[in-house]
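Here the sequence shown is numbered in UniProt numbering, starting from 1 and rising by one per residue. Written below as structure tokens is the structure these notes are about.
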Amino acid sequence: MQKTQKLYMPDAEVSYIAHFLSGEESDAYFRKLMEQVSWQQESIKLFGKLQPMPRLTAWYGDKGYTYSGLHNRPQPWLPVLQELKRKVELASGHTFNSVLLNLYRTGQNSMGWHSDDEAALGQEPVIASLSLGGERKFRFRHKTRKDIEPVNVTLNHGSLLLMQGPTQHHWLHQVPKTARAVEPRINLTFRNVNV
């Protein structure tokens, strides 16, 4: 039985399943995604300049999606992504119509502070984040309350992090760079795009 851990975070609803997939399943899915996903090196505008993203990305699903000024046209679902989507939907009790994949090749690949609060995701979006490959630290910090300590979670191979309720309104999250030697990591963030 998968054990769900609720994170103590005021103004948020976040839960974590450390062993959502078995080691064997996780290895197999990681290999398939590395081979089958059409990974892209996108650029985003930062401080008025186009910069390459510090990771590779891919967008699959039923709807397009815009974030950081970058419009993602959906690629049709791969069978492996549909399979993972069904598993995540069953575990979370929510349905998803899109997935953003990130490939962190080294510890220098990262994701800056942000929240998934675009209007297209609705009032209280549900984001299901599946991690495969090398362990990475995932950090949360409250947007306005300095009295609340940041929260760190180590996302391991085969884990599922579920962010829902008011989480995106009140908290930022990031995957920081690390100087440690880390294995490549694939992250799939399943979401429901409304427009």
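For glycine and all other residues, C-beta sits at the position ideal for the given N, C-alpha and C.
- For the beta strand (DSSP E) assignment, the uninterrupted runs of no fewer than 3 residues enclosed by the region 54-91 are, from N- to C-terminal side, 56-61, 65-67 and 70-72.
- Between the beta-carbon of Val175 and that of Phe138 there is about 6 Å, and that keeps the pair under the 8 Å contact cut.
- Bounds of any alpha helix (DSSP H) do not take in Gln174; it lies within the beta strand (DSSP E) bounded by Trp171 to Val175.
- Boundaries of the beta strand (DSSP E) around Tyr16: Glu13 to Ile17.
- The region 98-158 is shown to contain whole beta strand (DSSP E) runs of 3 or more residues at 98-104, 111-114, 127-133, 136-142 and 151-155, in chain order.
- The closest CA to that of Ala91, considering only Gly112, Tyr104, Ala128 and Leu103, is found on Ala128.
- Annotation for Gln41: no beta strand (DSSP E) segment contains it, and DSSP assigns it neither H nor E.
- The beta carbon of Ser98 sits closer than 8 Å to those of Trp59, Tyr60, Gly61, Asp62, Lys63, Tyr65, Pro74, Phe190, Arg191, Asn192 and Val193, all from its chain and outside the five residues before and after it, given in chain order.
- Sequence-distant partners of Met163 (beyond 5 residues in either direction) whose C-beta falls short of 6 Å from its own C-beta, in its chain, are Val14 and Ile127.
- About 7 Å separates the beta carbon of Gly158 from that of Gly23, a gap short enough to meet the 8 Å contact definition.
- Under the criterion of beta carbons closer than 8 Å, Leu160 and Val80 do not qualify as touching, at roughly 16 Å.
- Segment contact: the region 31-43 against the region 107-126, fewer than three CB-CB distances shorter than 8 Å; contact not assigned.
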